[in-house]
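Okay, so the sequence shown: first residue is 3 according to this note's numbering, each after it adds one.
C-beta atoms are modelled at their ideal positions from N, C-alpha and C, and glycine is treated no differently.
Everything numeric in this text was worked out from a predicted model, so none of it was measured.
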Amino acid sequence: MATAAPGRTAESADGGQGGGQGMGGMWRPATAGVIAAFVGFASSFAVVLEGLTKVGASHAQAASGLMALSVAMGVCAIFLSLRSRLPISIAWSTPGGALLAGSAVPHGGFPAAVGAFLIAGALIVVSGLWRPLGRWVAAIPVPLANAMLAGILLPLCLAPAQAVRSDPAIGLAVVVTWAVVGSVRKLYAVPAAVVVAVVLIATTTHIKADTLGPMWPHPVAVAPHFTAAAAIGIALPLYVVTMASQNIPGIAVLGANGYHPRPGPLFGWTGIFSLFSAPFGGHAVNLAAITAALCAGDEAGPDRSRRYRAAATAGGVYILLGLVASAAVALVDAAPPHVIEAVAGLALLGALANSLTAAMADPGQREAAVVTAVVTVSGVTFFGVSGAFWGLLAGGALYGVRHWQSRRAAAGAPGGVAAQGPAADQALPEPDRS
Numbered sequence: 003m004a005t006a007a008p009g010r011t012a013e014s015a016d017g018g019q020g021g022g023q024g025m026g027g028m029w030r031p032a033t034a035g036v037i038a039a040f041v042g043f044a045s046s047f048a049v050v051l052e053g054l055t056k057v058g059a060s061h062a063q064a065a066s067g068l069m070a071l072s073v074a075m076g077v078c079a080i081f082l083s084l085r086s087r088l089p090i091s092i093a094w095s096t097p098g099g100a101l102l103a104g105s106a107v108p109h110g111g112f113p114a115a116v117g118a119f120l121i122a123g124a125l126i127v128v129s130g131l132w133r134p135l136g137r138w139v140a141a142i143p144v145p146l147a148n149a150m151l152a153g154i155l156l157p158l159c160l161a162p163a164q165a166v167r168s169d170p171a172i173g174l175a176v177v178v179t180w181a182v183v184g185s186v187r188k189l190y191a192v193p194a195a196v197v198v199a200v201v202l203i204a205t206t207t208h209i210k211a212d213t214l215g216p217m218w219p220h221p222v223a224v225a226p227h228f229t230a231a232a233a234i235g236i237a238l239p240l241y242v243v244t245m246a247s248q249n250i251p252g253i254a255v256l257g258a259n260g261y262h263p264r265p266g267p268l269f270g271w272t273g274i275f276s277l278f279s280a281p282f283g284g285h286a287v288n289l290a291a292i293t294a295a296l297c298a299g300d301e302a303g304p305d306r307s308r309r310y311r312a313a314a315t316a317g318g319v320y321i322l323l324g325l326v327a328s329a330a331v332a333l334v335d336a337a338p339p340h341v342i343e344a345v346a347g348l349a350l351l352g353a354l355a356n357s358l359t360a361a362m363a364d365p366g367q368r369e370a371a372v373v374t375a376v377v378t379v380s381g382v383t384f385f386g387v388s389g390a391f392w393g394l395l396a397g398g399a400l401y402g403v404r405h406w407q408s409r410r411a412a413a414g415a416p417g418g419v420a421a422q423g424p425a426a427d428q429a430l431p432e433p434d435r436s
């Protein structure tokens with residue numbers, strides 16, 4: 003069983019642990035949890051909706067998917083936090099949503115995408131139960147994994163500039179709000195931009211009554227259709243980016259804050275809850291990174307033994323936020339072109355910067371990383387399989403050839419000094435939104 007880091011014997015000015023703790027210390031975990039949930043939801047719900055609609059979801063199916071993800075990650079966070087007494091924060095896969103947003107409707111429509119979601123969830127479960135698979139994901143060269151993610155994110159990150167061009171009034175207001183608030187407190191920059199976008203859309207556009215549907219969302223079950231193209235083009239890249247860009251950094255964030263759970267069970271449970279959400283349109287849930295820092299760090303109070311309440315509170319708020327899924331879909335439908343995509347792009351700029359930095363960090367692997375990113379962002383499709391898979395395959399092939407050449411050259415050089423491979427133990431960068 004995972005154990006928390008030992009708490010301090012004297013817990014600052016709020017008082018000690020237990021009954022001596024002041025009211026401020028008692029409420030801080032709950033406050034941190036509420037903030038974490040609102041930041042996580044507001045910063046990336048547009049990415050999720052954009053991704054689901056791009057792979058064929060209708061308005062009702064997209065609302066169902068958003069609700070299913072919110073409920074799944076809320077229940078998962080509550081369950082894991084209360085079970086382990088650790089601040090285990092859960093989020094939907096924002097990089098996975100970006101992957102879907104850059105994809106086309108697969109052959110077989112949204113049911114084929116749902117089949118891919120189930121496959122990805124099953125792979126995450128297997129990663130938790132069978133260590134070799136988890137080690138295989140961790141062994142993917144850091145530059146290539148991040149180059150693939152950068153190629154996935156880049157098209158969405160162009161949307162803010164496109165929004166300014168297509169609708170200068172709203173686009174500029176959103177971008178300027180993001181820049182101004184971000185200069186004061188980066189964490190609230192995207193939520194502030196979301197608020198401005200919502201206000202401007204509500205006051206300058208007409209939301210059709212027929213797009214609202216029932217304001218109380220209801221789950222829409224989709225019978226999955228399994229195809230090889232969707233499995234290779236959607237499920238495998240979704241699995242890789244979710245593990246490499248969310249689950250593994252999520253464990254690192256917990257460790258940085260003094261909590262050291264066993265990764266396998268956590269991966270397994272996020273995969274199980276992903277499987278629960280998939281038939282209703284949810285693509286994947288995983289460990290959080292940025293919002294995990296809110297729930298596991300000092301913002302959640304001085305008493306380490308109580309910080310699990312922050313993650314559990316965030317889970318409860320996520321469940322409540324899932325009830326506004328229909329309104330979120332109506333807002334996206336009413337928005338001028340590129341505005342919602344602009345919000346999503348702003349939310350992903352930090353992740354893009356981190357990915358590009360990590361992809362280009364090793365001079366010896368930059369060529370393979372660039373090939374991976376270029377093929378991924380090209381959107382090239384063969385046999386119905388999307389560019390993310392081909393990008394990783396092309397970059398991996400070049401990586402293998404260059405690595406073999408360097409080792410062969412080193413073996414023939416005087417002294418036989420072994421060539422240095424990629425820094426496989428580099429830490430994967432945290433996504434800027436979870």
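| query | result |
| --- | --- |
| Spatially closest choice to residue 397 from 369, 37, 380, 225, by CA coordinates | 369 |
| Backbone CA spacing between residue 227 and residue 54 [nearest angstrom] | 16 Å |
| C-alpha gap between residue 381 and residue 146, whole angstroms | 17 Å |
| Rounded C-alpha distance that separates residue 162 from residue 354 | 14 Å |
| Through-space distance from residue 29 to residue 23, alpha-carbon basis | Only weak support exists for where residue 23 lies, its pLDDT of 49 falling under 50; the value from the coordinates is given anyway. If I take the Cα positions, the gap works out to 10 Å. |
| Cβ pair residue 75, residue 317 closer than 9 Å | yes |
| According to DSSP, residues forming a beta bridge with residue 109 | The partner list for residue 109 (beta bridge, DSSP) is empty, contrary to what the question assumes. |
| Residue span of the alpha helix (DSSP H) that contains residue 189, given as start and end | No alpha helix (DSSP H) contains residue 189, which DSSP labels as neither H nor E. |
| Rounded C-alpha distance that separates residue 202 from residue 262 | 44 Å |
| Beta-carbon spacing of residue 298, residue 312 below 9 Å | yes |
| Outcome for residue 384 when other beta-carbon atoms lying within 10 angstroms are tallied against a minimum of 16 | exposed |
| Secondary structure of residue 172, DSSP reduced to three states | helix |
| Alpha helix (DSSP H) runs wholly inside the region 321 to 380, at least 4 long, in chain order | 327 to 336, 341 to 361, 368 to 380 |
| Euclidean distance between Cα positions of residue 347 and residue 159 | 4 Å |
| Euclidean distance between Cα positions of residue 89 and residue 45 | 21 Å |
| Sequence-distant residues of the same chain with beta carbon closer than 6 Å to residue 349, five excluded per side | 45, 46, 192, 435 |
| Nearest-angstrom Cβ-Cβ length linking residue 95 and residue 293, presumed shorter than 8 Å | Rounded, the Cβ-Cβ distance is 13 Å, inconsistent with contact. |
| Spatial neighbours of residue 169 in its chain, beta-carbon cut-off 8 Å, leaving aside the 5 residues before and after | 338, 339, 340, 341 |
| Three CB pairs or more closer than 8 Å across the region 219 to 238 and the region 101 to 121 | yes |
| Euclidean distance between Cα positions of residue 358 and residue 39 | 27 Å |
| Distance, residue 125 Cα to residue 378 Cα | 22 Å |
| Within 9 Å, strictly: CB atoms of residue 269 and residue 130 | yes |
| Outcome for residue 251 when other beta-carbon atoms lying within 10 angstroms are tallied against a minimum of 16 | buried |
| Endpoints, alpha helix (DSSP H) assigned at residue 236 | Per DSSP, residue 236 belongs to no alpha helix (DSSP H) and is neither H nor E. |
| When 184, 199, 127 are compared against residue 241, the one with the closest alpha-carbon | 127 |
| Three-state class that DSSP yields for residue 147 in the structure shown | helix |
| Contact between the region 54 to 66 and the region 270 to 280 (3+ Cβ pairs under 8 Å) | no |
| Sequence-distant residues of the same chain with beta carbon closer than 7 Å to residue 189, five excluded per side | 41 |
| Start and end residues, alpha helix (DSSP H) containing residue 256 | 250 to 258 |
| Close Cβ partners of residue 134 (< 7 Å) along its chain, the five nearest in sequence each way excluded | none |
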